[in-house]
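In the working numbering, the protein residues as written are 9 to 411.
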């Protein structure tokens with residue numbers, strides 16, 4: 009009853025807000041989501057539940073100062089009465105924008121997306137992953153940003169100053185799945201989470217080819233997880249190293265084919281208890297295609313076939329050393345925007361497999377229904393990711409209201 013009271017009060021507060029902020033140069037919208045998660049297997053400890061319900065609030069505010077200046081804000085908050093780890097909030101965006109002829113300036117907290125591939129956003133470096141919201145790297149935390157954008161005939165150049173760093177929050181034992189971490193994190197930089205990072209990206213298109221070149225120097229977003237023996241229990245301590253990264257991403261349209269690639273070169277550091285920090289360089293690649301069959305079965309439905317190869321030399325920060333991703337994207341092109349996406353990742357070294365099915369449909373102009381199911385098969389004892397997901401096969405249903 010107490011959890012339902014929290015949900016009801018939060019929903020009513022959000023639904024009343026648009027009437028308070030009505031103005032010509034101010035636009036307020038929001039999304040309220042009720043979510044239910046069911047796990048096939050029992051939890052691995054007494055704090056984990058088999059069924060969770062939560063409410064998620066995502067308000068957005070646009071304030072147009074004049075023709076050349078505006079402010080955008082986006083908040084995020086999830087309440088889960090069964091999981092303290094799952095109850096969390098974030099400022100996704102609180103950004104000032106200035107627009108001029110062939111030049112833009114942005115300052116505040118925001119999100120930046122780089123990349124083209126489906127299975128892994130390899131070159132998407134600026135924002136930290138919101139691990140609690142998404143194991144698949146889709147959700148990101150807001151990042152303090154100063155950005156200059158130059159829009160020229162030869163392409164778009166973005167220059168970033170990133171003051172401040174945000175750790176990954178791995179939650180506690182009540183989260184499913186749970187990573188057994190300890191704090192505080194270790195930083196290579198003496199400035200710790202106050203280190204100022206720098207980034208740049210040039211992007212342009214040549215006919216049907218879109219291409220981007222990017223550079224990043226600063227605190228690596230993905231931590232090295234250093235194993236520590238605490239009593240009789242092994243725990244993982246996040247270690248954030250300094251890195252330089254050069255990357256390229258692109259996509260090319262050829263008839264019904266969409267060819268994609270992301271590649272990067274890291275000049276970074278690794279860490280272990282005996283050696284401390286030491287230099288470590290590595291390369292990574294995601295490349296593949298999506299082929300679309302249009303108007304299948306004499307309907308407006310489209311069916312896309314996806315295939316991608318994932319490669320990464322650095323096993324300490326990712327499980328995707330040599331993997332193959334296949335997928336089916338079924339788009340109905342109807343008034344309800346019905347879509348299905350089935351994805352499958354196959355480890356070429358140990359044959360472990362991850363499956364995920366996503367579906368979404370708009371019920372009317374204000375309501376949408378989404379479903380996600382994730383499960384693993386043929387789990388190898390040495391595969392870190394599938395071992396983490398083993399015992400946590402998931403069915404997630406959520407209904408969202410937009411206003």
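The beta-carbon is built from N, C-alpha and C at its ideal position, and this holds for glycine as well.
Note on residue 302: under 16 other CB atoms within 10 angstroms of its CB, so exposed under the neighbour-count rule. The region 353–367 makes no contact with the region 257–265, as fewer than three CB pairs between them are under 8 Å. For residue 230, same chain residues with a beta-carbon under 6 Å away, outside a window of 5 residues either side, are 325 in chain order. The three-state reading of DSSP puts residue 144 in coil, since its state is none of H, G, I, E or B. Using a Cβ-Cβ distance cut-off of 8 Å, the region 70–89 and the region 210–219 are not in contact, since fewer than three pairs of beta carbons, one from each stretch, lie closer than that value. If you ignore the 5 residues before and after residue 318, its C-beta comes within less than 7 Å of the C-beta of 127, 128, 294, 328, 331, 333, all in its own chain and listed in chain order. Counting only runs of 3+ residues, the beta strand (DSSP E) found wholly inside the region 150–186 occupies 151–160, 163–171, in chain order. In the DSSP assignment, residue 393 falls within the unbroken alpha helix (DSSP H) covering 392–397.
Here the alpha carbons of residue 393 and residue 386 stand approximately 12 Å from one another.
In the three-state reduction of the DSSP assignment, residue 291 falls in the strand class, which pools E and B. In the three-state reduction of the DSSP assignment, residue 240 falls in the coil class, being assigned neither a helical nor a strand state. Residue 286 is classed as exposed because its beta carbon has fewer than 16 other beta carbons within 10 Å across all chains shown. According to DSSP, residue pairing for residue 202 in a beta bridge does not occur.
The three-state reading of DSSP puts residue 386 in coil, since its state is none of H, G, I, E or B. Using a C-beta cut-off of 8 Å, the region 207–215 makes no contact with the region 185–194, since fewer than three inter-stretch Cβ pairs fall below that distance.
Closest in C-alpha terms to residue 78, from the list 102, 94, 281, comes 102. The three-state secondary structure of residue 332, taken from DSSP, is strand. Runs of the beta strand (DSSP E) lying entirely within the region 222–278 and spanning at least 3 residues, in chain order: 232–238, 241–248, 250–262.
In the structure shown, residue 408 falls within a strand segment according to DSSP collapsed to helix, strand and coil. With 16 or more other Cβ atoms inside 10 Å of its own Cβ, residue 253 counts as buried.
The beta carbon of residue 300 is closer than 6 Å to those of 264, 310, 312 in its chain, skipping five residues each way along the sequence. Taking one beta carbon from each stretch, the region 118–125 and the region 146–154 have 3 or more pairs nearer than 8 Å; the two touch. In this structure, DSSP gives residue 372 a state outside helix and strand, which the three-state scheme calls coil. For residue 130, the three-state secondary structure derived from DSSP is coil. For residue 89, no beta strand (DSSP E) run applies, since DSSP gives it neither H nor E. Inter-residue distance for residue 39 and residue 69 is about 12 Å (C-alpha atoms, whole angstroms). Relative to residue 233, the option among 200, 322, 298, 83 whose CA is nearest is 322. Under the three-pair Cβ rule at 8 Å, the region 273–285 does not count as touching the region 131–148.
Scanning 167, 204, 133, 199 for the CA closest to the CA of residue 255 turns up 133. Nearest to residue 348 by alpha-carbon distance, out of 359, 357, 367, is 367. Only residues of its own chain outside the window of five on either side were considered, and among them 129, 131, 132, 257, 270 have a CB closer than 6 Å to the CB of residue 123, listed in chain order.
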